[in-house]
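**Student:** Here it is, the structure in full.
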Ligand code: SF4
Ligand code: SF4
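In this note's numbering, the protein residues as written are 3 to 731.
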């Protein structure tokens, strides 16, 4: 004020010089204040703009108290609901390993008014599936109640190819909304510990002394001297009682009557039973008894209907008693009780949410008049904790991990996948037996490939991808969380199975049997061969060099992923899996053309994509070098030198001209093993069969006696020994 008055003459005398002069500190602070005000207004405007979708009539936001950061939404003075960001409350890792951040609004009835996506890093959304589908999916939660059980596929439509993402999104919205709604009192807290149960079966006959001794009855003994001391330093100090300081001001006892050991012993069976009958669900009775110069009831309740000298409390809840909550105890039915002048029962009503297992206290208010209208209060608390034997306590409900819910929901898929993997394990373990019986193996293999395409691929959308490898490596380098991998049970089980089979037999078990796109190529090529479509094979020298391409693609993707995982995921479109499997060919024409083109090529050159391009196959081949077993058999001295039957028949040309199998390229189709055992096609086996037949003929000429020597059956001259694979050498 003085400052502006001081400046006024200067501006009149020399307005220009005043304008040119630096602003005074007052002006600066005024400008700063204005800027801050404008800043806060614009920030609030942005926030209000963000919530228009959920609260069109909102005029302002305010902070709310609580553990979970949320903002209250108002229209003028009226409270409309609450808004919050889910990252602050329930950041659940999604498919990318990072949470999906949402702006969620709830009204005062606990209904969702808004679910706006603020940010996410879901790879499936970065490619292929339009963002709008996820936005529409989030909107579908409105106006469901926060307590509803929303399930993808039941009351919410799933997004094909983004199952994990939408499951996490729903859980993120509902879990955070429930937490805010519970904290703001819109719903009962689903995670609150249930109140302890009074054990009605626990009763021990006891006298007064025993109950005081074991804590069933608690005591508050106050002398006049203690009360005078409590008023010391207040205006009421001068009005101290003239009674002897050590004489009893009040000798008060309190107990929790619902517990039979307290109620039955004090009141007797009849009164206790009547009292319990009168109590409604959630109501509790406490007994307050006293003697001395001070009455805990006073006479105020007669006029006002409220007991103004006592107040119970538990936690932050204060419990006052009305005359309707009060009963007198006519006579105590317990031995050894002192001569108590006041004996009363007070009922705690259900609204207080009283928990008998938690400590509580009875506040005794002592009032002392200091003038005609003035009074001073002091409060003394009698604390009560129920003896442990009288109650049964419950564990607080635990929020079930999301992946557990998902696994339970997918029981059917998990069982069918488990059966499929069991069959495949049996095929691998008994591959020798099956290779001798191609009539069983061939339909079994075709049936399994159909299962892989339809059930694993199109139905369960469980096509493994190089993106999984990149995400896994990145999560190992960052914040690894099992939950983000467990969230998709099919993928988790498949990857676990593949990890084991990689160590046992190499990549071929996955590539030859479990890859849906690989199985599609396989089936197409089988059909093409039946239709006598001409087949083209790349000369082995070139073929061998082209193998390197897929490793280069893999390394390229990994290098890009070090810079940006999102970008690497885009480039991982070199895999046609999303188009052909995850999105079941419902995609833009460019992607369709690519996937269908690769499938068409496979009709002429079996699994051309797998041989030269697939980064997943390359990624699996690297750890597969640690494999433990090499069960694919070869005839030393025959396979490759000179026989080339298997090498020519191998669908992926994984057999070198010298007869060795390249386990990095083998798809474990077992075709070469069928040939290996075929004594009509495999030269050493043909030789062996002929020798056997000759020996049989000789034996029949010798009079029907079996003279065929044991070592002849082993074909000693045929050298039926296993030859090492390329890797072994
Ligand atoms: S190489 Fe690739 S596409 Fe082929 S079967 Fe293996 S993972 Fe599938
Ligand atoms: S034919 Fe033999 S080497 Fe070739 S993919 Fe099948 S199992 Fe492997």
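Beta carbons: idealized from backbone N, C-alpha and C, even for Gly.
Taking the continuous beta strand (DSSP E) assigned at residue 565, which residues delimit it?
**Tutor:** Locating residue 565 in the chain shown gives position 563, where the first residue counts as 1. Careful: residue 565 lies outside any beta strand (DSSP E), inside the alpha helix (DSSP H) at 550 to 565.
**Student:** Spatial neighbours of residue 292 within its chain, please: C-beta separation below 8 Å, excluding the five flanking residues on both sides.
**Tutor:** Here residue 292 corresponds to residue number 290 of the chain shown, with the count starting at 1. Correct list, in chain order: 252, 253, 254, 255, 298, 342, 343, 344.
**Student:** Which of the three DSSP states, helix, strand or coil, is assigned to residue 184?
**Tutor:** Here residue 184 refers to the residue found at position 182 when the chain shown is read from its first residue. Helix, per DSSP.
**Student:** Can the beta-carbon of residue 314 be found closer than 8 Å to that of residue 288?
**Tutor:** To locate residue 314, count along the chain shown from 1; it is residue 312. To locate residue 288, count along the chain shown from 1; it is residue 286. Yes, the Cβ-Cβ distance between residue 314 and residue 288 is below 8 Å.
**Student:** Cβ-heavy atom distance between residue 548 and ligand 2 below 7 Å?
**Tutor:** Here residue 548 refers to the residue found at position 546 of the chain shown. Checking every heavy atom of ligand 2 against the Cβ of residue 548, none is found closer than 7 Å.
**Student:** For ligand 1, list every residue whose C-beta falls under 5 Å from any of its heavy atoms, going in chain order.
**Tutor:** Taking each Cβ in turn, the ones that pass are 513, 517, 519, 520, 612, 616, 618, 619.
**Student:** Kindly indicate which residue of 161, 683, 559, 169 has the alpha-carbon position closest to the one of residue 641.
**Tutor:** As a position in the chain shown, residue 641 is number 639, starting the count at 1. It is 683 whose Cα lies nearest to the Cα of residue 641.
**Student:** For residue 318, which three-state DSSP category applies?
**Tutor:** In the chain shown, counting from the first residue as 1, residue 318 sits at position 316. In this structure, residue 318 counts as coil in the three-state DSSP scheme.
**Student:** Considering only heavy atoms of ligand 2, does any lie closer than 7 Å to the CB of residue 766?
**Tutor:** Absent from the model: residue 766. The displayed extent of the chain is 3 to 731, so no value can be given.
**Student:** DSSP state of residue 116, grouped into three classes?
**Tutor:** Indexing the chain shown from 1 puts residue 116 at position 114. Note: residue 116 maps to strand in three-state DSSP.
**Student:** By the 10 Å Cβ neighbour count, where 16 or more other Cβ atoms means buried, how is residue 381 classified, buried or exposed?
**Tutor:** Along the chain shown, read from residue 1 onward, the residue named residue 381 stands at position 379. Exposed, by the Cβ-count rule.
**Student:** Where do the N-terminal and C-terminal ends of the alpha helix (DSSP H) with residue 613 fall, by residue?
**Tutor:** Counting from 1 along the chain shown, the entry for residue 613 is found at position 611. Here the alpha helix (DSSP H) through residue 613 covers 610 to 614.
**Student:** Does the Cβ of residue 257 have 16 or more other Cβ atoms within 10 Å, making it buried, or fewer, making it exposed?
**Tutor:** If you number the chain shown from 1, residue 257 lands on position 255. Buried, since its Cβ has 16 or more Cβ neighbours within 10 Å.
**Student:** Look up residue 678 in the DSSP assignment and say whether it is helix, strand or coil.
**Tutor:** For the purposes of this step, residue 678 is taken as residue 676 along the chain shown, with counting starting at 1. Helix, per DSSP.
**Student:** Would you list the residues whose beta-carbon is nearer than 7 Å to any heavy atom of ligand 2, in the order they occur in the chain?
**Tutor:** Matched residues: 510, 514, 634, 648, 651, 652, 653, 654, 656, 657, 663, 668, 669, 670, 671, 672, 673, 674, 675.
**Student:** Tell me whether residue 570 is buried or exposed, calling it buried when 16 or more other Cβ atoms sit within 10 Å of its Cβ.
**Tutor:** Here the question's residue 570 lines up with position 568 in the chain shown. The residue in question, residue 570, is buried, as its Cβ has 16 or more Cβ neighbours within 10 Å.
**Student:** What does DSSP give as the partner residue(s) for residue 101 in the beta ladder?
**Tutor:** Locating residue 101 in the chain shown gives position 99, where the first residue counts as 1. According to DSSP, which records beta bridges pairwise, residue 101 is partnered with 95.
**Student:** With burial defined as no fewer than 16 other Cβ atoms inside 10 Å of the residue's Cβ, what is the status of residue 194: buried or exposed?
**Tutor:** Walking along the chain shown from the start, residue 194 turns up at place 192. Result: exposed.
**Student:** Could you tell me the alpha carbon to alpha carbon distance between residue 615 and residue 147, rounded to whole angstroms?
**Tutor:** Position 613 of the chain shown holds residue 615. Position 145 of the chain shown holds residue 147. If I take the Cα positions, the gap works out to 49 Å.
**Student:** Consult DSSP for residue 362 and reduce its assignment to one of helix, strand or coil.
**Tutor:** Locating residue 362 in the chain shown gives position 360, where the first residue counts as 1. DSSP places residue 362 in strand when its eight states are reduced to three.
**Student:** Here's the rule I'm using: 16 or more other beta-carbon atoms within 10 Å means buried, otherwise exposed. How should residue 439 be labelled?
**Tutor:** Taking the first residue of the chain shown as 1, we reach residue 439 at position 437. Exposed.
**Student:** Does residue 476 come out as helix, strand or coil in the three-state DSSP assignment?
**Tutor:** Position 474 of the chain shown, counted from the start, is the residue given in the question as residue 476. Residue 476: helix per DSSP, three-state reduction.
**Student:** Is the beta carbon of residue 583 sitting closer than 8 Å to the one on residue 463?
**Tutor:** Position 581 of the chain shown, counted from the start, is the residue given in the question as residue 583. Position 461 of the chain shown, counted from the start, is the residue given in the question as residue 463. Yes, Cβ-Cβ distance for residue 583 and residue 463 is below 8 Å.
**Student:** To the nearest whole angstrom, what separates the beta carbons of residue 487 and residue 622, a pair I think is in contact under 8 Å?
**Tutor:** As a position in the chain shown, residue 487 is number 485, starting the count at 1. As a position in the chain shown, residue 622 is number 620, starting the count at 1. Wrong, their Cβ atoms sit about 17 Å apart, outside the cutoff.
**Student:** Label residue 454 either buried or exposed according to how many other C-beta atoms from any shown protein chain fall within 10 Å of its C-beta, with 16 as the threshold for buried.
**Tutor:** In the chain shown, counting from the first residue as 1, residue 454 sits at position 452. That one is buried.
**Student:** So what does residue 253 bridge to, in DSSP terms?
**Tutor:** For the purposes of this step, residue 253 is taken as residue 251 along the chain shown, with counting starting at 1. Paired residue(s): 223, 293.
**Student:** Would you call the CB atoms of residue 549 and residue 426 closer than 8 Å?
**Tutor:** The residue you call residue 549 lines up with position 547 of the chain shown. The residue you call residue 426 lines up with position 424 of the chain shown. Contact flag unset, no.
**Student:** What are the partner residues of residue 330, as DSSP defines its beta bridges?
**Tutor:** As a working mapping, residue 330 is identified with position 328 in the chain shown. DSSP, once it has assigned bridges, lists 346 as partnering residue 330.
**Student:** Could you check what DSSP says for residue 241 in three-state terms: helix, strand or coil?
**Tutor:** On the chain shown, position 239 is the one that residue 241 refers to. It is helical.
**Student:** What does residue 571 pair with, by DSSP beta-bridge criteria?
**Tutor:** Here the question's residue 571 lines up with position 569 in the chain shown. Per DSSP, none; premise fails for residue 571.
**Student:** Taking Cβ positions, are residue 597 and residue 581 nearer each other than 8 Å?
**Tutor:** Taking the first residue of the chain shown as 1, we reach residue 597 at position 595. Taking the first residue of the chain shown as 1, we reach residue 581 at position 579. In this structure, residue 581 lies closer than 8 Å to residue 597 by Cβ.
**Student:** CB-CB under 8 Å to residue 681, same chain, minus the five flanking residues each way: which ones, in chain order?
**Tutor:** Indexing the chain shown from 1 puts residue 681 at position 679. Only 687, 688, 690, 691 meet the Cβ criterion.
**Student:** Suppose you measure from the CA of residue 709 to the CA of residue 693; what does that come to, to the nearest Å?
**Tutor:** Indexing the chain shown from 1 puts residue 709 at position 707. Indexing the chain shown from 1 puts residue 693 at position 691. Residue confidence is low: residue 709 scores 41 on pLDDT, short of 50, so the model does not pin down where it sits. Its coordinate-derived value is still stated next. Each residue's alpha carbon lies about 13 Å from the other.
**Student:** Just to confirm, is the Cβ distance from residue 241 to residue 371 under 8 Å?
**Tutor:** Position 239 of the chain shown holds residue 241. Position 369 of the chain shown holds residue 371. Yes.
**Student:** Do the region 361 to 380 and the region 222 to 235 touch if we need at least three Cβ pairs shorter than 8 Å?
**Tutor:** They touch, by the three-pair rule.
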